[in-house]
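Read the structure below first, then the notes.
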Amino acid sequence: MSRLIIVSNRVAPISEGGPAAGGLAVGVYDALKETGGMWFGWSGDVLSSGQPQIKVEERGPVTFATVALMRRDYDQYYRGFSNATLWPAFHYRADLLHYDRHDFGGYCRVNAWLAQQLVPLLREDDVIWVHDYHLIPFAQALRASGVKNRIGFFLHIPFPASQVLLAVPPHRELVEALCSFDLLGFQTGPDLRAFCDYIVNEAGGSIDASAQGPLTVNAFGRTLRASAYPIGVYPDEIAELAKAGERGKAVRTMKATLHSRKLIMSVDRLDYSKGLVERFRAFERLLEHTAALRNKVSFLQIAPPTRADLHAYQDIRLQLESESGRINGRFAELDWTPILYIHKQYERSVLAALFRTAHVGYVTPLRDGMNLVAKEYVSAQDPDDPGVLVLSRFAGAAQELDGALIVNPVDIDGMAEALAMALGMPLAERQARYRDMMVQLRENNVSVWRDNFMRDLQAVDGAKRARSGKAGAAGARGKAARESVTG
Ligand code: ADQ
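Position 44 of the sequence shown, counted from 1, bears residue number 49 in this note's numbering, the numbering being contiguous throughout.
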């Protein structure tokens with residue numbers, strides 16, 4: 006069986022049940038443990054001098070291969086083009102987009118350098134699965150080094166509509182680079198459609214939907230496949246964690262703080278794409294319009310800061326601190342603080358247990374590739390007395406979770422109404438909605454996501470690939486170099 010090589014920007018320090026580094030880390034590590042293989046990427050370290058050395062570490066069936074980045078590379082590739090250009094543009098925030106062509110140069114340079122680090126570790130029949138927007142040019146860079154292995158790419162964030170993508174000056178280079186992969190995976194049908202629209206209307210390519218399985222894309226002189234693979238969670242494992250934590254310290258403390266008030270809960274990285282300001286204001290609107298709910302409901306927002314060295318992230322943090330202070334000042338009483346706003350990471354088990362305590366899961370991003378928190382919240386519920394999910398229509402998860410109350414995250418009144426409806430929903434309706442969503446979550450758990458993607462990547466037309474060069478050219482060169490790296 007082929008080895009699986011996962012390539013992602015960050016190789017997260019994973020500890021079982023420990024704080025989650027992000028949705029990508031959770032989904033991918035769970036998947037990799039099942040097949041065995043290697044996870045390659047940035048260690049998270051930034052060097053001011055010297056030369057980054059690759060570090061290879063075996064942990065059970067998984068080998069971790071990590072490299073540090075030089076300060077300039079971090080600034081241009083990570084802070085710059087990935088997070089100040091691509092992230093806002095792909096989340097439809099062209100207003101926050103910052104572009105510097107030197108950053109794009111750095112982005113391409115780091116992708117090429119990372120690819121060179123990986124080549125010596127590759128074997129002939131490895132299947133390579135690259136993740137997310139930091140690494141769009143990675144396959145192109147591997148191909149330039151003669152690598153002929155199957156290479157797939159999964160985009161965890163939305164793929165924007167063409168008119169938005171056109172705001173990124175090197176949009177054509179990016180899409181051409183994407184076409185060096187053999188299989189492209191998107192979170193949802195709308196993301197896939199946006200990509201196809203660009204291929205046909207901007208790149209002069211074509212899409213063929215006649216074959217079974219993924220679409221066939223012809224563009225930039227290459228043929229590749231593309232499909233939607235919505236990422237999932239392990240709902241039953243989360244349910245067990247949540248149940249086990251029911252009598253734990255976190256839940257006891259939370260319940261003591263709540264007395265018998267109802268709880269609305271949100272968990273996000275502190276990011277402007279997550280719609281936190283609008284969410285706070287809709288909670289305020291709820292209290293404003295429904296006096297009977299004052300001192301009867303609390304809102305817990307857990308949001309650990311990320312990318313804190315970027316201005317847009319400093320701004321959103323200040324804005325939220327000011328909003329939560331203002332709203333609390335307006336409604337708080339001696340025995341009640343309406344918004345509990347916490348900047349901490351929590352263990353997965355603690356989060357799951359808190360989700361089970363919450364009457365409403367409040368997940369309202371302005372845009373989100375999928376949003377695993379929505380899926381985790383539903384999974385953690387008590388089947389006999391489940392809470393209600395209020396979910397943005399712009400989260401990828403809304404394509405699947407139609408048992409949620411679906412809201413538009415800029416419609417403050419609409420969200421306040423949905424919160425009121427969720428808080429008052431009768432048990433039978435809550436149970437019916439929960440059961441519907443659990444069927445969906447079990448049918449499309451994270452193993453199904455991985456297996457579907459891997460099946461389609463393995464099935465990429467071997468004959469076509471062989472015509473474009475001898476398969477596995479990285480093999481022989483890789484073996485010699487591997488010995489020098491690991492020896
Ligand atoms: P993220 O933008 O990070 O992921 P999300 O899907 O919600 O968003 O994943 C966050 C993960 O981190 C969840 O598993 C959550 O439980 C965990 N987490 C968040 N805050 C935490 C805290 N304070 N303590 C502990 N754990 C916390 C990107 C895309 C998403 C896509 C995922 C997966 O932006 O759209 O769903 O990748 O593909």
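The C-beta atom is built at its ideal place from N, Cα and C for all residues, glycine as well.
Note that the structure is predicted; figures quoted are calculated from it, not measured.
Contact test: residue i Cβ vs ligand 1 heavy atom, cutoff 8 Å
i	result
R312	no
V444	no
P93	no
Q168	no
A308	yes
Y367	no
L325	no
Y351	yes
I236	yes
D373	yes
L268	no
V453	no
L494	The displayed coordinates of the chain run from 6 to 492. Any statement about residue 494 would go beyond what the structure contains.
I162	yes
V272	yes
E39	no
L356	yes
G190	no
D80	no
E381	yes
A400	yes
D100	no
D456	no
D276	yes
Strand pairing of residue i, partner residues [DSSP]
i	result
L246	The partner list for L246 (beta bridge, DSSP) is empty, contrary to what the question assumes.
Q145	Note: Q145 sits in no beta bridge, so no partner.
G46	S13, T71
I156	I133
L189	F158, A231
S397	V412
H338	His is not the amino acid found at residue 338; the sequence shown has Glu there. Answer is W341.
L220	A231
S150	For S150, which the question treats as bridged, DSSP gives no partner whatsoever.
D389	Answer is none; D389 lacks a bridge partner.
Y138	Partner(s): none; Y138 has no beta bridge.
D213	T221
I347	I307
Heavy atom of ligand 2 within 8 Å of residue i beta-carbon
i	result
H139	As far as ligands go, the structure on display features ligand 1 and does not contain ligand 2.
Runs of 4 residues minimum, wholly inside the region 356-385: which ones carry the alpha helix (DSSP H) assignment?
The qualifying runs are 377-384.
In chain order, which continuous runs of the beta strand (DSSP E) of length 3 or greater are located wholly inside the region 293-317?
With a minimum length of 3 residues, the continuous beta strand (DSSP E) runs that stay inside the region 293-317 are 302-307.
Uninterrupted alpha helix (DSSP H) stretches inside the region 253-291 (no shorter than 4 residues):
The qualifying runs are 254-263.
May I ask you to verify whether the region 273-288 touches the region 313-325, counting CB pairs closer than 8 Å and requiring at least 3?
Yes, since at least three Cβ pairs between the region 273-288 and the region 313-325 fall closer than 8 Å, the two stretches touch.
Give, in chain order, every unbroken run of the beta strand (DSSP E) that is at least 3 residues long and sits entirely within the region 52-112.
List check, beta strand (DSSP E) in window: 60-64, 67-75.
So, do the region 235-245 and the region 373-392 have three or more beta carbon pairs nearer to each other than 8 Å?
Counting Cβ pairs under 8 Å, three or more are found: they touch.
Check whether the region 174-194 touches the region 136-154, taking contact to mean three or more Cβ pairs, one atom from each stretch, closer than 8 Å.
Under the three-pair Cβ rule at 8 Å, the region 174-194 counts as touching the region 136-154.
Give a yes or no on contact between the region 388-408 and the region 186-197, applying the rule of three or more CB pairs nearer than 8 Å.
A contact exists between the region 388-408 and the region 186-197.
Are at least three pairs of beta-carbons, each pair with one atom in the region 218-229 and one in the region 343-361, less than 8 Å apart?
With a cut-off of 8 Å, the region 343-361 and the region 218-229 do not count as touching, because too few Cβ pairs lie within range.
Does the pairing of the region 102-119 with the region 70-90 give three or more beta-carbon distances under 8 Å?
Touching, yes.
Is it true that the region 71-79 meets the region 50-59, where meeting means three or more beta-carbon pairs spaced less than 8 Å apart?
Judged by Cβ distances under 8 Å, the region 71-79 makes contact with the region 50-59, as three or more pairs qualify.
Minimum length 4: unbroken alpha helix (DSSP H) runs contained in the region 414-460:
As far as the region 414-460 is concerned, its whole alpha helix (DSSP H) runs of at least 4 residues are 417-428, 432-448.
Kindly confirm or deny that the region 154-170 and the region 120-138 touch, where touching means at least three C-beta pairs closer than 8 Å.
Yes, the region 154-170 is in contact with the region 120-138.
Report yes or no: do the region 229-236 and the region 277-288 share at least 3 C-beta pairs separated by less than 8 Å?
The region 277-288 and the region 229-236 do not touch, with fewer than three beta-carbon pairs separated by less than 8 Å.
Counting beta carbon pairs with one atom in the region 260-271 and one in the region 324-338, are three or more of them shorter than 8 Å?
No: the two stretches stay apart, fewer than three of their Cβ pairs being nearer than 8 Å.
Would you call the region 199-212 and the region 423-439 in contact, with 3 or more CB pairs under 8 Å?
Between the region 199-212 and the region 423-439, the count of C-beta pairs closer than 8 Å stays below three; the two stretches do not touch.
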